[in-house]
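A.B. asks: Protein chains in written order, with my numbering: chain A, 37 to 290; chain B, 213 to 540. One structure, as structure tokens, below. Some questions next.
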């Protein structure tokens, strides 16, 4: 079972976001592995432990994303592929998928995994688009993968507490639902082992992919408030007293 | 502008976000002097098509095929590609459901197009349509425009438009036309099996008058007792955002949001919850919303009636004490 995991690096959860035109100012903020992708990586590592094979961590972006590939290697991925693109933030979902697909097409694999969506753009399209571009079957929002006889039985999450089993042949592309597993931490042994693992660097331009944007983020901004929020002030004790008073007397909800 | 809404049904029952998307389509059509058509996909779904035809639409497309009885991404992509090529809409709209997430981007890509997913609104700026969607977990919004030629593809988030604003057909009923699609069993590579619900929930959050919900700000499992004590003092139920349930700190049945429960209690107290959209869609209908968060810019404050910018670990015990002190 050889698996390629697509991993995005995104601004850290608590990073202060300074808006700059149609993106954010990237200097002075920390970046981290997109949390939904960490579940996809974990699932790939578990499939490898169960069925053998290799795990490749694939990422696209400026130089800094190599750090995230290193983290994947330290957790147990066998090698990394880094596609260098300083203007990654300006790619639309289809453009990013075309670049990733060009690299994946050159690899030998049984399975391609992505997280559910990214915590920055939140398009949630990469896995579905990759499947289309690679002409592979796919399924999204996956909560369980059972591999048997060259195919997979998958538990797919639907809405409102419903689930569905589906059977999907291999090779395939799956988008993993967050919470499918418990993500491991890198061990000291893993961190040391990662130093010897290979990261292949590919220049985006060398792929010969023509990317015509289908959409453009014109600008981003802080949303305007639709509701008038009454902020309570004072010490915690004073705020608690004010709130209880308002909820009891004005709103009559407790 | 010609709009086509792909309405969603499963086993003969509507996904109600379909009607919200139809409202979005009617509003876009009004802003662009356009027309709205709607399509329903499945097997034996003529009654649903008739129901759509009572709405203010120019035409309803009935897309029926034996192989479309159960949803599969291959079946829907192959079938709807033919429908779109024949109907030549400028803009194809979907409700942003889990099913749409599963196929619509691939359908758009089959036609060489991109999709702007999960929109919350639109504006018509001098004839150019601008779609509004959230980014960075709701901390910012983005104006997005399409590039290149039509058809364009977009989906609207649940709750972005009000289904009760849907206007009825002016003269009774729109024509229902069958859209012919050709599908072969070999086109469909995945095989859907049974649908099921996990073990019955012990708690029904939708019936709780008061909900005390925790997010990442709770930091550690052992801190949850403080929130539980507060919930008890308020006579409410404890609930959480997805990451908390993913960690296994609370059972999934207590998760509020797009993949969990949708609730509308009298009082919703959000503790250390930033207000990511996946959570907000599950609770924004609450009558009174109180948010406690140490980040004054947290998006949860945008929908809160009362806001407390402070450390939840100071506020939780103070609130519990206040409630106990002043009880009855």
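Backbone N, C-alpha and C fix where the C-beta goes; we use that ideal spot for every residue, glycine too.
Closest Cβ-Cβ distance between residue 161 of chain A and chain B: below 8 Å?
C.D. replies: Locating residue 161 of chain A in the first chain gives position 125, where the first residue counts as 1. Taking Cβ atoms only, chain B reaches closer than 8 Å to residue 161 of chain A, which makes this a yes.
A.B. asks: Going by other Cβ atoms of all chains shown within 10 Å of its Cβ, with 16 needed for buried, is residue 227 of chain B buried or exposed?
C.D. replies: For this step, residue 227 of chain B is matched to residue 15 along the second chain. By the neighbour-count rule (16 or more Cβ atoms within 10 Å), residue 227 of chain B is buried.
A.B. asks: At a Cβ threshold of 8 Å, is residue 251 of chain A touching chain B?
C.D. replies: Here residue 251 of chain A refers to the residue found at position 215 when the first chain is read from its first residue. Yes, residue 251 of chain A lies at the interface with chain B (some Cβ there is under 8 Å from its Cβ).
A.B. asks: May I ask which residues mark the beginning and end of the alpha helix (DSSP H) holding residue 230 of chain B?
C.D. replies: Taking the second chain and counting its residues from 1, the one referred to as residue 230 of chain B is at position 18. 229 to 244 is the extent of the alpha helix (DSSP H) around residue 230 of chain B.
A.B. asks: For chain B, is any of its Cβ atoms less than 8 Å away from the one on residue 121 of chain A?
C.D. replies: Position 85 of the first chain, counted from the first residue, corresponds to residue 121 of chain A. Not one chain B Cβ lies under 8 Å of residue 121 of chain A.
A.B. asks: Can residue 193 of chain A and residue 203 of chain A be called in contact, C-beta distance under 8 Å?
C.D. replies: Within the first chain, the letter at position 157 stands for residue 193 of chain A. Within the first chain, the letter at position 167 stands for residue 203 of chain A. No; because the gap between Cβ atoms is not below 8 Å, this pair is not in contact.
A.B. asks: Which residues, in chain order, does the region 512 to 525 of chain B contribute to contact with chain A at a C-beta distance below 7 Å?
C.D. replies: Within the region 512 to 525 of chain B, the qualifying residues are 513, 514, 515, 516, 517, 518, 519, 520, 521 and 522.
A.B. asks: Cα separation between residue 502 of chain B and residue 465 of chain B?
C.D. replies: Mapped onto the second chain, residue 502 of chain B falls at position 290. Mapped onto the second chain, residue 465 of chain B falls at position 253. Cα-Cα distance, rounded: 22 Å.
A.B. asks: Going by the DSSP bridge assignment, what does residue 144 of chain A pair with across the sheet?
C.D. replies: To locate residue 144 of chain A, count along the first chain from 1; it is residue 108. None; residue 144 of chain A has no bridge partner.
A.B. asks: What would DSSP say about residue 75 of chain A, mapped onto helix, strand or coil?
C.D. replies: Mapped onto the first chain, residue 75 of chain A falls at position 39. Helix, per DSSP.
A.B. asks: Cutting at 8 Å between CB atoms, please list the residues of its own chain near residue 92 of chain A, excluding the five before and the five after it.
C.D. replies: Looking up residue 92 of chain A in the first chain gives position 56. These residues qualify, in order along the chain: 38, 39, 40, 41, 113, 114, 115, 116, 117, 143 and 145.
A.B. asks: Mark residue 75 of chain A as exposed unless 16 or more other C-beta atoms lie within 10 angstroms of its C-beta, in which case mark it buried.
C.D. replies: On the first chain, residue 75 of chain A is found 39 positions in, with the first residue counted as 1. With 16 or more Cβ atoms within 10 Å of its Cβ, residue 75 of chain A is classed as buried.
A.B. asks: When the cut-off is 8 Å and only beta carbons count, does residue 242 of chain A lie next to chain B?
C.D. replies: Here residue 242 of chain A corresponds to residue number 206 of the first chain, with the count starting at 1. Not closer than 8 Å to any Cβ of chain B, the Cβ of residue 242 of chain A fails to qualify, so no.
A.B. asks: Would you say residue 283 of chain A and residue 274 of chain B are within 8 Å of each other, going by their C-beta atoms?
C.D. replies: Taking the first chain and counting its residues from 1, the one referred to as residue 283 of chain A is at position 247. Taking the second chain and counting its residues from 1, the one referred to as residue 274 of chain B is at position 62. No, they are not a contact pair.
A.B. asks: Among the residues of its own chain, which have a CB less than 7 Å from the CB of residue 332 of chain B, if the five just before and after it don't count?
C.D. replies: Here residue 332 of chain B is taken as the residue at index 120 of the second chain, counted from 1. Counting only Cβ-Cβ distances below 7 Å, and skipping sequence neighbours, we find 344, 345, 346, 369 and 372.
A.B. asks: Could you give the first and the last residue of the continuous beta strand (DSSP E) run that contains residue 160 of chain A?
C.D. replies: Here residue 160 of chain A refers to the residue found at position 124 of the first chain. Neither: residue 160 of chain A is in no beta strand (DSSP E) and is coded neither H nor E.
A.B. asks: Starting from residue 192 of chain A, trace the beta strand (DSSP E) both ways and give me its first and last residue.
C.D. replies: Walking along the first chain from the start, residue 192 of chain A turns up at place 156. Start and end: 187 to 193.
A.B. asks: Specify, as a first and last residue, the run of the beta strand (DSSP E) that residue 406 of chain B falls within.
C.D. replies: Here residue 406 of chain B is taken as the residue at index 194 of the second chain, counted from 1. Run containing residue 406 of chain B: 403 to 409, per the beta strand (DSSP E) assignment.
A.B. asks: Run the CB neighbour count on residue 233 of chain B, radius 10 Å, all protein chains shown included, and call it buried at 16 or more, exposed below.
C.D. replies: Locating residue 233 of chain B in the second chain gives position 21, where the first residue counts as 1. Flag for residue 233 of chain B reads buried.
A.B. asks: Mind listing, in chain order, the continuous beta strand (DSSP E) runs of no fewer than 3 residues lying wholly within the region 421 to 466 of chain B?
C.D. replies: Within the region 421 to 466 of chain B, the complete beta strand (DSSP E) runs of at least 3 residues are 422 to 426 and 449 to 452.
A.B. asks: Which residues of chain B have a Cβ atom closer than 8 Å to the Cβ of residue 255 of chain A, listed in chain order?
C.D. replies: Looking up residue 255 of chain A in the first chain gives position 219. Neighbours of residue 255 of chain A on chain B, chain order: 354 and 355.
A.B. asks: State whether the region 475 to 492 of chain B contacts the region 390 to 409 of chain B, with contact taken as three or more CB pairs (one from each stretch) at a distance under 8 Å.
C.D. replies: Judged by Cβ distances under 8 Å, the region 475 to 492 of chain B makes no contact with the region 390 to 409 of chain B, as fewer than three pairs qualify.
A.B. asks: Can a CB atom of chain A be found closer than 8 Å to the CB of residue 433 of chain B?
C.D. replies: Within the second chain, residue 433 of chain B is the residue found at index 221, counting from 1. Judged by the 8 Å Cβ criterion, residue 433 of chain B is not in contact with chain A.
A.B. asks: In chain B, what lies closer than 8 Å to residue 266 of chain A by C-beta?
C.D. replies: Taking the first chain and counting its residues from 1, the one referred to as residue 266 of chain A is at position 230. Going along chain B in sequence order, the residues near residue 266 of chain A (Cβ under 8 Å) are 517, 518 and 519.
A.B. asks: If distances are taken between C-alpha atoms only, which option among B/388, B/341, B/374 and B/422 comes closest to residue 443 of chain B?
C.D. replies: Sequence index remark: in the second chain, residue 443 of chain B carries index 231 (1-based). Looking at the Cα atoms, B/422 is the closest of the given residues.
A.B. asks: Pull up the distance between the alpha-carbon of residue 237 of chain B and that of residue 215 of chain B, whole angstroms please.
C.D. replies: Your numbering for residue 237 of chain B matches position 25 in the second chain. Your numbering for residue 215 of chain B matches position 3 in the second chain. Computed Cα separation, rounded: 7 Å.
A.B. asks: Round the Cβ separation of residue 172 of chain A and residue 209 of chain A to the nearest angstrom and send it over; I've been treating them as touching at under 8 Å.
C.D. replies: Taking the first residue of the first chain as position 1, residue 172 of chain A is located at position 136. Taking the first residue of the first chain as position 1, residue 209 of chain A is located at position 173. Their Cβ separation, rounded to whole angstroms, is 5 Å, which keeps residue 172 of chain A and residue 209 of chain A in contact under 8 Å.
A.B. asks: Can you tell me whether DSSP reads residue 95 of chain A as helix, strand or coil?
C.D. replies: Reading the first chain from its first residue, position 59 is the one you call residue 95 of chain A. In this structure, residue 95 of chain A counts as strand in the three-state DSSP scheme.
A.B. asks: Can you tell me where the beta strand (DSSP E) with residue 520 of chain B in it begins and where it stops?
C.D. replies: Numbered from 1 along the second chain, position 308 holds the residue referred to as residue 520 of chain B. Counting along the chain, the beta strand (DSSP E) containing residue 520 of chain B begins and ends at 518 to 520.
A.B. asks: Please determine, among B/291, B/284, B/349 and B/336, the residue with the shortest C-alpha to C-alpha distance to residue 175 of chain A.
C.D. replies: Position 139 of the first chain, counting from 1, holds the residue named residue 175 of chain A. Ranking B/291, B/284, B/349 and B/336 by Cα distance to residue 175 of chain A puts B/284 first.
A.B. asks: Going by the CB atoms, is the gap between residue 253 of chain A and residue 352 of chain B shorter than 8 Å?
C.D. replies: Residue 352 of chain B sits at position 140 when you count from the first residue of the second chain. Residue 253 of chain A sits at position 217 when you count from the first residue of the first chain. Not a contact, by the Cβ cut-off of 8 Å.
A.B. asks: Where does the unbroken beta strand (DSSP E) through residue 480 of chain B begin, and where does it stop?
C.D. replies: By 1-based counting over the second chain, the position of residue 480 of chain B is 268. Its beta strand (DSSP E) spans residues 479 to 483.
A.B. asks: Return the chain-ordered list of same chain residues with a C-beta closer than 8 Å to the C-beta of residue 306 of chain B, the five sequence neighbours on each side being excluded.
C.D. replies: Residue numbering aside, residue 306 of chain B sits at position 94 when the second chain is read from its first letter. Cβ within range, chain order: 217, 218, 220, 233, 312, 316, 365, 366, 367 and 368.
A.B. asks: Given a cut-off of 8 Å, decide if residue 109 of chain A and residue 137 of chain A are closer than it, judged by their beta-carbon atoms.
C.D. replies: To locate residue 137 of chain A, count along the first chain from 1; it is residue 101. To locate residue 109 of chain A, count along the first chain from 1; it is residue 73. No. Outside cutoff.
A.B. asks: Alpha carbon to alpha carbon, what distance is there between residue 102 of chain A and residue 234 of chain A?
C.D. replies: On the first chain, residue 234 of chain A is found 198 positions in, with the first residue counted as 1. On the first chain, residue 102 of chain A is found 66 positions in, with the first residue counted as 1. Spanning the two alpha carbons is a distance of roughly 11 Å.
A.B. asks: Between the alpha carbons of residue 471 of chain B and residue 79 of chain A, how many angstroms are there, rounded?
C.D. replies: Counting from one through the second chain, the residue named residue 471 of chain B turns up at place 259. Counting from one through the first chain, the residue named residue 79 of chain A turns up at place 43. Rounded to the nearest angstrom, the two C-alpha atoms are 20 Å apart.
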